[in-house]
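Single-structure report; data block below.
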Amino acid sequence: MAKEEIKLKKIEKFIRDSVSRFKKKGAMIGLSGGIDSSVVAFLLVRALGKENVFGLIMPEKESSYQNIKDAEEIAKILKIKFKKIDLTPFLAQLGVYKLVPSFLKNKLVLARGLEIFKKKRGTKMIHSLGILGLETSDKISQRATAIMLPKLRLRSLLLYYYGALKNYLVVGTTNKTEYLLGHYDKYGDGACDIEPIRGFYKTQVKELARYLGVPEKIIAKKPTHDLFAGFILTDEAMIGESFAKIDLILEKLEKGENEKKIAQELGVELAFIQEVKKTMENQILNREMPLA
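For reference, each letter of the sequence shown is one residue, going 860 to 1151 in this note's numbering.
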């Protein structure tokens, strides 16, 4: 049996055992049109059968049209039932869209502003919900968080709502790279019952995707949170490095390798290696349950 198949069999068993343990009838997943949710959807169908998997597609007015179409395509390829829910009216009522300054809707201004922002604060890495290492009083960071959090948490709410109606397990799609760097929201896309691919770096998820037969256009697409200006604020732009390189850094840091040695081997500035390490350490606290 191929190495990839052995890995997949373990994940499929984990999914089936979890559904049984939680006494559920199937699995509920949010389909984003990205590689992570696509891979998890393929795994769920392999483990449970298409009749026991349900997908939610939850776009809003700032979502990528292509991502919505890709999410629908995945559902149709797998022949799973799905529902599309437009979040725009709910978010508009909250006033989320009023928080975005009009000048930030210009691609050139946003791209240039991103680089200035990084340089001014001496960082390569920008967290998906704010700027890493900044004080909580930073108004730009606060506004970014207020724009993005409601989108993530509304999706989580809907997944659990429909999961409760169907008695389905809510399945997450966070990979190891995102998990270690905190590139997700604990109570948003991180809120779930199980995480089948959390043990796989992003580059490993790509390998799984090709083995499973996920369409190449989804594998090749630049990953993005698709919460705001995803065409500029891609995941790699936020992280500050390619997934190929960041995964190698994370793997070496997890093994306890010397930071200077990692920098020399990979041709990366030592300051960035230290920034990644600090981020990993910060996420240990952020992953904890509420303090009591």
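Ideal placement from N, C-alpha and C gives every residue a C-beta, glycine not left out. Remember, predicted model here, so these are calculated numbers, not experimental data.
What span of residues does the beta strand (DSSP E) with residue i cover, start to end?
i: Ala-886; result: 885–889
i: Val-912; result: 912–916
i: Lys-943; result: 940–943
i: Val-1029; result: 1027–1030
Since I believe residue j is in contact with residue i (beta carbons under 8 Å), could you give me their beta-carbon distance rounded to a whole number of angstroms?
i: Ile-1078; j: Ile-894; result: 6 Å
i: Leu-1028; j: Gly-1022; result: 7 Å
i: Ile-1132; j: Glu-1118; result: 5 Å
i: Leu-890; j: Gly-914; result: 4 Å
i: Ile-985; j: Lys-978; result: With 8 Å as the limit, Ile-985 and Lys-978 do not qualify as a contact, their Cβ atoms being about 12 Å apart.
i: Asp-929; j: Thr-1036; result: Wrong, their Cβ atoms sit about 21 Å apart, outside the cutoff.
i: Lys-883; j: Asn-1026; result: 6 Å
i: Asp-1052; j: Val-1030; result: 7 Å
i: Leu-1008; j: Gly-1047; result: 7 Å
i: Glu-921; j: Phe-1087; result: 6 Å
To which residues of the same chain is residue i closer than 6 Å at the C-beta, ignoring the five residues directly before and after it?
i: Ser-923; result: Asp-1085, Gly-1089
i: Lys-839; result: Nothing can be reported for residue 839, as the shown portion of the chain is limited to 860 through 1151.
i: Glu-1124; result: none
Going by beta carbon distance, what residues of the same chain come within less than 7 Å of residue i, once the five residues before and after it are set aside?
i: Gly-992; result: For Gly-992, the predicted structure reports a pLDDT of 40, less than 50, and the residue's modelled location is therefore unreliable. The matter cannot be settled from this model.
i: Phe-949; result: Leu-1013
Kindly indicate the opening and closing residues of the alpha helix (DSSP H) around residue i.
i: Lys-1136; result: 1129–1145
i: Tyr-924; result: 924–937
i: Asp-1094; result: 1094–1098
i: Ile-1105; result: 1102–1113
i: Arg-905; result: 894–907
Using CA coordinates, which residue listed in the options is at the minimum distance from residue i?
i: Leu-1092; options: Ala-1003, Val-912, Gln-925, Glu-1066; result: Ala-1003
i: Leu-1016; options: Ile-985, Asn-1026, Ala-1050, Thr-1083; result: Ala-1050
i: Leu-1018; options: Phe-881, Ser-879, Phe-941, Pro-1082; result: Phe-941
i: Val-955; options: Leu-946, Ile-1006, Asp-945; result: Ile-1006
i: Gln-952; options: Glu-932, Lys-1010, Ile-1108, Asp-1048; result: Lys-1010
i: Glu-1140; options: Tyr-1020, Leu-1040, Glu-931; result: Leu-1040
i: Leu-1024; options: Met-887, Asp-876, Lys-862; result: Met-887
i: Ile-874; options: Glu-863, Gln-925, Val-904; result: Val-904
Under a Cβ-count criterion, where at least 16 other Cβ atoms within 10 Å of its own Cβ denotes burial, should residue i be classed as buried or exposed?
i: Ile-865; result: exposed
i: Thr-995; result: Any reading at Thr-995 must be qualified, since the residue scores a pLDDT of 43, below 50, and its modelled position is unreliable; the value itself is stated next. Exposed, since its Cβ has fewer than 16 Cβ neighbours within 10 Å.
i: Ala-1068; result: buried
i: Phe-901; result: buried
i: Ala-906; result: buried
i: Leu-867; result: buried
i: Phe-881; result: exposed
i: Met-1097; result: buried
i: Met-1148; result: exposed
i: Ala-1130; result: exposed
i: Ala-1151; result: exposed
Leaving out five residues on either side along the sequence, give the residues of the same chain with a beta carbon under 8 Å from the beta carbon of residue i.
i: Ile-927; result: Gly-892, Ile-916, Pro-918, Lys-943
i: Val-1064; result: Ile-894, Asp-895, Val-898, Asn-1034, Ile-1056
i: Leu-1101; result: The question names Leu, but residue 1101 is Ser in the sequence shown. Closer than 8 Å at Cβ, skipping near neighbours: Glu-1095.
i: His-1104; result: Sequence check: residue 1104 is Lys here, not His. Excluding residues within five positions, the ones whose Cβ falls inside 8 Å are Leu-1125, Val-1127.
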